[in-house]
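Residue numbers for the sequence shown, in full-length UniProt numbering: 1 to 449.
Backbone N, C-alpha and C define an ideal beta-carbon position, used for all residues, glycine too.
Below is one structure, written out as structure tokens; the observations come after it.
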Amino acid sequence: MACSSEKIQKSPRVIAPADRISTLPESLIFHILAFLPTKDAVATSLLSRSWKSLWTKVATLNFALIEPEKHDPRRRQAFVHFVDKVLLGNDVECLDKFRLQWITTHKCQPIHVNWWLSHAIARDVRVLDLHVNSAKYNSQTELSGKVFICESLECLRLEGPILVKVPDVVSLPLLEQLDLINVKFCYAQCFPKLISSCPVLHSLKFQECCQLRQQALRVSSPSLRFLEIRLKSQVPLVKKMEIDAPSLESLKYEDRFGKLCVIERPNFVNRGELSISSCTHSVELCNSIVEMIQALNNIVSLKLYGSIVKALSLATIPLSTRFERLTELDVHRECGDWSSLNVMLGCSPNLRALKITKSKCTQCTHGGCWSDPKEVPMCLFYSLKEISFSNFQGFKHEVAMIRYVFKHGVVLRRIHLRTGADDPKEELQILNKVTVLPRRSFACEIHFN
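Quick look at the structure:
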């Protein structure tokens, strides 16, 4: 019998792709899982046997439920059951972060929220982020008092109609960051009591918090470095602002109505962002704005928005402070309002960068509103090197301002104009009005968008 001369070919060996993620150190895997929503981190238990219990050792928990307008009790029940299961199954001794977002058009269930918070506090949580909102029923979620005796807490963020009742005993020795957004205080003294109980507080954000109506809001903290206050409600919530923070470095203040704001001992404020959108410009309001700005005499960078800018030209008291350290000025102004800018330039002898953002006009009637200052600002001679002008439309008063700066800007290096024009021909016409102007500084370059 003849033997076949053909050799039997062996089929190529199939090599399974290597599981590179599983070979990573556990600490790195936990770090990766910490960036995932907790439901996704738990889902990794299905990957393989070695991943089955990894989620129980993740120190960051992130839960979110955004319910549709049509109520689904089974979905809510499943979410509550899932959070309960994860908290009971988590094995870490200390939680790095616990975040809960529960947005619904129906009533929230505070009993579940506070049980979850208590569990996180028992694990010495460092960061607590709670966002609860029940818009349709306008209900409030009363916050557990245990939050205010959590000695491991370093960052606390509360957002939504959360009812805050500060207990008699407060112990937050490590709290450095506090964000309060749309929360409701039981009584006016809750807020100052809370702030005074945070000995190392560095950052405070306060936005639209209620139950302080017709009260003076006082922020007093010797350690506070960054402060952000935003009051944009349709109804004035606070009559008076008092800020006593001797270590303050950065202040962001936004107010819809405008009110008396007293800044005490602002010795170290380096950066400020001030905005008031009040439609009325009473003498009292304008004068209080001038006093607020004058208190920031050591500021390095300043942004002015809305009525803040207009108040400088309408106040009966002059802006007499010299801002010796101010190097960056950002002004958002209405079309045609130049007097306030002239005031700030005259008070800023060491200004290096000026940014102007103007509201866009379809038809300008401010042809003669620019007038040269009686004295040339010192910054034009010695320090002002860069100017940025957004929504430059080539109106007569705008060109007059640029002409004045070109005439006296000895050290000017660059001016950047953004026209915002949609038509290239219109843009070219606008830019031609500037390029023909003589410049005192031969090094000055004109840049267009």
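Straight-line CA distance for residue i to residue j?
i: Cys-361; j: Glu-151; result: 54 Å
i: Ile-430; j: Ser-301; result: 30 Å
i: Gly-145; j: Val-283; result: 44 Å
i: Ile-356; j: Asp-179; result: 31 Å
i: Cys-444; j: Ala-64; result: 53 Å
i: His-447; j: Ile-415; result: 6 Å
i: Ser-340; j: Cys-198; result: 39 Å
i: Arg-218; j: Ile-263; result: 10 Å
i: Val-376; j: Tyr-404; result: 9 Å
i: Pro-37; j: Asp-129; result: 14 Å
i: residue 504; j: Ala-353; result: Past the edges of the chain, shown from 1 to 449, lies residue 504, and the structure says nothing about it.
i: Gln-177; j: Asp-423; result: 48 Å
i: His-408; j: Asp-372; result: 11 Å
For residue i, is the classification buried or exposed, using 16 other Cβ atoms within 10 angstroms of its Cβ as the cut-off for buried?
i: Arg-75; result: exposed
i: Thr-419; result: buried
i: Thr-435; result: exposed
i: Cys-108; result: buried
i: Phe-389; result: buried
i: Gly-367; result: Per-residue confidence for Gly-367 stands at a pLDDT of 49, beneath the threshold of 50, marking its modelled position as unreliable; the derived number appears in the next sentence. Exposed, by the Cβ-count rule.
i: Ser-359; result: exposed
i: Ala-78; result: exposed
i: Leu-28; result: exposed
So, are the CB atoms of residue i and residue j less than 8 Å apart?
i: Glu-142; j: Thr-104; result: no
i: Lys-205; j: Val-170; result: no
i: His-119; j: Leu-87; result: yes
i: Leu-95; j: Val-113; result: no
i: Val-269; j: Leu-312; result: no
i: Leu-175; j: Leu-158; result: no
i: Tyr-305; j: Leu-351; result: no
i: Phe-185; j: Val-164; result: yes
i: Phe-392; j: Glu-398; result: yes
Within the continuous beta strand (DSSP E) that includes residue i, where are the two ends?
i: His-81; result: Taken as a continuous stretch (DSSP letters only), His-81 belongs to no beta strand (DSSP E), being part of the alpha helix (DSSP H) at 73 to 89.
i: Cys-155; result: 155 to 159
i: Phe-206; result: 203 to 207
i: Ser-388; result: 386 to 390
i: Cys-60; result: This sequence places Thr at residue 60; Cys is not what is there. Element bounds for Thr-60: 60 to 66.
i: Leu-354; result: 353 to 358
Between which two residues does the alpha helix (DSSP H) carrying residue i extend?
i: Arg-403; result: 396 to 408
i: Ser-339; result: 339 to 346
i: His-119; result: 110 to 122
i: Asn-432; result: 424 to 435
Is residue i a contact residue of the ligand ATP, with contact defined as CB to any heavy atom under 7 Å?
i: Thr-60; result: Looking for the ligand ATP in the displayed structure turns up nothing, as the structure carries no ligands at all.
| request: Report the residue ranges of all beta strand (DSSP E) runs contained in full by the segment 245 to 317; include only those spanning at least 3 residues, in chain order. | output: 250 to 255, 260 to 264, 271 to 276 and 301 to 306
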